[in-house]
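First to last, the protein sequences are chains P and Z.
So the first sequence is numbered by our numbering: it starts at 624 and just counts up by one.
So the second sequence is numbered by our numbering: it starts at 377 and just counts up by one.
By construction, the Cβ of each residue, glycine as well, lies at the ideal position given by its N, Cα and C atoms.
The structure presented is a predicted model; accordingly, all values stated were derived computationally and were not measured.
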Amino acid sequence: MKKQLEDIGLVLSILLGVLLTYYLVRANIVSLTYGNIPLANLYLLSVPDPSSPFTSRSPEVVTSVVWDQRGYDTYFETSVLFLAIIGVLYAAGSSSLVEKGSLIATVIPRVITKLLFPVIIAVAISVALHGHLTPGGGFQGGSIFAVAPYMYLLIYGRSRLEGKGFRSNLLLFMRSLAVVLISLVGSIVLAIGFLTGVEAFLFQNQPKPPFSPIGFPAYIQLPWGGIFLFSGTLMILNVLEFTAVSTGFTLALIVIDSIAGGRE
Amino acid sequence: MIDIILFAVGTILLVLSSILSLIGAVGFLRFRNFFLRLHPATVGSIGGGVYGLIGIALIALSLDIPDYVKYYVFGVALISAALVVFGSPTGSHLLARAAYRSGEARPEPIIRDKLKEAGLK
């Protein structure tokens with residue numbers, strides 16, 4: 624009887640939410656259309672346009688906003704994740720490890736894991752490297768990447784994973800190096816501007832003609848014709864963020880697995 | 377001529393996948409316990425997902441559209457189908473194994489428990 628009441632309440636609240644949304648949209652209190660939002664129009668028009676002072680020379684607006692227009696904020700998000708991983712390591716170091724399970728996985732998941740491991744890594748690297756052209760980016764690619772070593776960890780155990788090169792010290796080193804390099808890439812334009820006496824900004828990507836004449840190049844002219852577009856800092860920061868997130872998640876999953884008593 | 381055959385085969389596969397998806401959904405709701413429900417769940421993902429993706433690949437190959445779009449859709453659909461073929465049986469195998477070993481779900485109706493006879497705890 625109580626469960627039925629819960630079900631009825633759930634259905635009623637969903638219905639009420641739908642009706643409320645319908646009323647708000649029809650009475651023009653909330654607009655779902657895309658045309659008259661000034662901020663969205665500003666970004667969608669100025670980010671891909673090379674003549675605008677706020678351009679990122681990139682067709683992908685979300686990555687541009689994340690790493691160019693609010694790159695300083697994203698740097699601190701990366702730092703927060705870094706500190707969270709450090710916290711996990713610290714908490715794991717003070718707790719006692721439980722006994723390891725000795726179950727052996729059957730042949731089906733072992734073969735499938737071996738097949739899918741390179742596929743997942745290829746997808747992750749592709750998502751990260753195309754972050755300035757298509758939806759995706761460093762964080763998304765890193766999160767996809769972390770699935771592969773975790774699958775390997777669950778099926779084969781920690782010693783096999785360490786044999787593949789996923790050692791804790793190396794992962795922590797890569798993670799710290801990536802975070803340091805992100806802050807370096809973000810401040811290099813500011814440092815050059817400070818030394819040469821022109822105005823520059825923190826996490827600046829392209830030159831902003833009325834305000835600041837210096838910035839990263841947007842593309843490289845290839846010797847066999849054509850251009851390699853990397854949108855200034857966007858691709859560099861995506862690769863660094865990919866390194867930071869993938870190694871950080873892998874490290875956290877290895878530590879959590881060792882606390883929870885996975886395969887040795 | 378080959379376009380028409382490809383389109384017909386693709387359409388048949390799509391219709392078959394929709395029927396199998398419906399069967400999987402009904403079975404998932406109507407079957408009694410965990411081990412019985414694993415069966416329509418994989419019918420839905422292999423029959424409903426893989427057949428439909430292969431059908432979409434064949435239809436894309438038969439259409440009169442630019443080559444870039446055609447082979448893009450063809451490749452994406454085939455790779456997705458391959459990933460579902462790899463992933464879905466493995467997942468259901470692991471689920472069934474974990475449920476049996478932990479004793480969360482009782483395997484019934486059962487005729488003969490060979491895992492128990494083999495001494496698997």
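What in chain Z is Cβ-close to Thr729/P, meaning under 9 Å? On the first sequence, position 106 is the one that residue 729/P refers to. Going along chain Z in sequence order, the residues near Thr729/P (Cβ under 9 Å) are His469, Leu470 and Arg473.
When you compare the CB of Phe462/Z with every CB in chain P, is at least one pair closer than 8 Å? In the second sequence, residue 462/Z corresponds to position 86, counting from 1. Cβ-Cβ to chain P under 8 Å: yes for Phe462/Z.
**Asked** With distances taken from CA atoms, which of Ser675/P, Ala747/P and Phe762/P is nearest Pro772/P?
**Response** Here residue 772/P corresponds to residue number 149 of the first sequence, with the count starting at 1. Of Ser675/P, Ala747/P and Phe762/P, the residue nearest in Cα terms is Ala747/P.
### Task
Kindly provide the ranges of any alpha helix (DSSP H) runs that are 4 or more residues long and lie completely inside the region 678–739 of chain P, ordered along the chain.
You should have 684–687 and 694–717.
*With C-beta atoms as the reference, is Phe677/P less than 8 Å away from Ala769/P?*
Start at 1 with the first residue of the first sequence, and residue 677/P comes out as number 54. Start at 1 with the first residue of the first sequence, and residue 769/P comes out as number 146. Not in contact: Phe677/P and Ala769/P (Cβ atoms no closer than 8 Å).
*asked:* Is the separation between the beta-carbon of Gly423/Z and that of Leu390/Z shorter than 8 Å?
replied: Along the second sequence, read from residue 1 onward, the residue named residue 423/Z stands at position 47. Along the second sequence, read from residue 1 onward, the residue named residue 390/Z stands at position 14. Contact flag unset, no.
Phe851/P - DSSP class collapsed to helix/strand/coil: As a first step, residue 851/P is located in the first sequence; it is residue number 228 there, counting from the start. Reduced to three states, the DSSP call for Phe851/P is strand.
Worksheet item: Span of the beta strand (DSSP E) holding Ile843/P?
Response: As a position in the first sequence, residue 843/P is number 220, starting the count at 1. Ile843/P -> beta strand (DSSP E) spans Tyr842 to Gln844.
Taking 8 Å as the threshold (beta carbon to beta carbon), is Thr418/Z in contact with chain P? Locating residue 418/Z in the second sequence gives position 42, where the first residue counts as 1. Not closer than 8 Å to any Cβ of chain P, the Cβ of Thr418/Z fails to qualify, so no.
Let me check one thing: in DSSP terms, what residues is Lys626/P bridge-paired to? Within the first sequence, numbered from 1, the residue matching residue 626/P stands at position 3. In the DSSP assignment, no residue is bridged to Lys626/P.
Original post:
Straight-line CA distance for Thr866/P to Ala481/Z?
Top reply: Against the first sequence, residue 866/P aligns to sequence position 243. Against the second sequence, residue 481/Z aligns to sequence position 105. If I take the Cα positions, the gap works out to 41 Å.
Any C-beta of chain P under 8 Å from that of Thr387/Z
Here residue 387/Z is taken as the residue at index 11 of the second sequence, counted from 1. Cβ-Cβ to chain P under 8 Å: no for Thr387/Z.
query = How would you call Gln627/P, buried or exposed, if buried means at least 16 neighbouring beta carbons within 10 angstroms?
reply = Taking the first sequence and counting its residues from 1, one reaches residue 627/P at position 4. Looking at its Cβ environment, which holds fewer than 16 other Cβ atoms inside 10 Å, Gln627/P is exposed.
Step through the CB atoms of chain Z and report whether any lies within less than 8 Å of the CB of Leu738/P. Residue numbering aside, residue 738/P sits at position 115 when the first sequence is read from its first letter. Answer yes: the Cβ-Cβ gap between Leu738/P and chain Z drops below 8 Å somewhere.
Using a Cβ cut-off of 8 Å (strictly closer), state whether Pro732/P contacts chain Z.
As a first step, residue 732/P is located in the first sequence; it is residue number 109 there, counting from the start. Yes, Pro732/P lies at the interface with chain Z (some Cβ there is under 8 Å from its Cβ).
task: Measuring alpha carbon to alpha carbon, tell me which of Ile837/P, Pro836/P, Phe853/P and Gly838/P ends up nearest Gln844/P.
output: By one-based count along the first sequence, residue 844/P stands at place 221. It is Phe853/P.
Inset, instruction - Could you check what DSSP says for Ser675/P in three-state terms: helix, strand or coil? - result: Position 52 of the first sequence holds residue 675/P. The answer is coil: DSSP assigns Ser675/P none of H, G, I, E or B.
Rounded to the nearest angstrom, what separates Phe824/P and Ser749/P at their Cα positions? Position 201 of the first sequence, counted from the start, is the residue given in the question as residue 824/P. Position 126 of the first sequence, counted from the start, is the residue given in the question as residue 749/P. In a straight line, the C-alpha of Phe824/P is about 30 Å away from that of Ser749/P.
Any Cβ of chain Z within less than 8 Å of the Cβ of Leu744/P?
-> Taking the first residue of the first sequence as 1, we reach residue 744/P at position 121. The sequence shown places Ile at residue 744/P, rather than the Leu named in the question. So, not an interface residue.
Please classify Leu414/Z as buried or exposed, where buried requires at least 16 other C-beta atoms within 10 Å of its C-beta.
Here the question's residue 414/Z lines up with position 38 in the second sequence. When all chains shown are included, Leu414/Z counts as buried.
By DSSP's criteria, Lys831/P is part of a beta bridge. Which residues make up the other side? As a first step, residue 831/P must be located in the first sequence, where it is residue number 208. Note: Lys831/P sits in a beta bridge opposite Ser835/P.
- Task: List the residues of chain Z that Ile735/P touches, going by C-beta distances under 8 Å, in chain order.
- Result: Position 112 of the first sequence, counted from the first residue, corresponds to residue 735/P. In chain order: Phe462, Gly463 and Thr466.
Per-residue DSSP class, three states only, for Leu633/P: Residue numbering aside, residue 633/P sits at position 10 when the first sequence is read from its first letter. In this structure, Leu633/P counts as helix in the three-state DSSP scheme.
### the region 830–843 of chain P / the region 796–816 of chain P touching (three or more Cβ pairs under 8 Å)
yes
Sequence-distant residues of its chain with Cβ nearer than 7 Å to Phe410/Z (five each side left out): Translated into the one-based positions of the second sequence, residue 410/Z becomes position 34. Taken in chain order, the residues that qualify are Ala475 and Ala481.
Runs of beta strand (DSSP E) wholly within the region 763–838 of chain P (minimum 3 residues, chain order): none
**Item:** Cβ-based neighbour list, Gly764/P, same chain, cut-off 6 Å, excluding 5 preceding and 5 following
**Value:** Reading the first sequence from its first residue, position 141 is the one you call residue 764/P. These residues qualify, in order along the chain: Ala747, Val750, Ala751 and Phe865.
- Message: With H, G and I counted as helix, E and B as strand and the rest as coil, what does DSSP make of Glu484/Z?
- Response: Here the question's residue 484/Z lines up with position 108 in the second sequence. In the three-state reduction of the DSSP assignment, Glu484/Z falls in the coil class.
Legend entry - Straight-line Cα distance separating Val742/P from Ser869/P: Taking the first residue of the first sequence as position 1, residue 869/P is located at position 246. Taking the first residue of the first sequence as position 1, residue 742/P is located at position 119. Their backbone Cα atoms lie some 15 Å apart in a straight line.
Leaving aside the five residues before and after Ile921/P along the sequence, list all residues of the same chain whose C-beta is less than 6 Å from its C-beta, in chain order.
-> Past the edges of chain P, shown from 624 to 887, lies residue 921/P, and the structure says nothing about it.
Burial state of Ile859/P (16 or more Cβ within 10 Å)
What you label residue 859/P is simply residue 236 of the first sequence in a count that begins at 1. The residue is buried, with at least 16 neighbouring Cβ atoms inside 10 Å.
### Query
Phe450/Z and Leu437/Z look like a contact to me (Cβ under 8 Å); what is the Cβ gap, rounded to whole Å?
Stepping through the second sequence from its first residue, residue 450/Z is reached at position 74. Stepping through the second sequence from its first residue, residue 437/Z is reached at position 61. Sure, about 5 Å apart at Cβ, within 8 Å.
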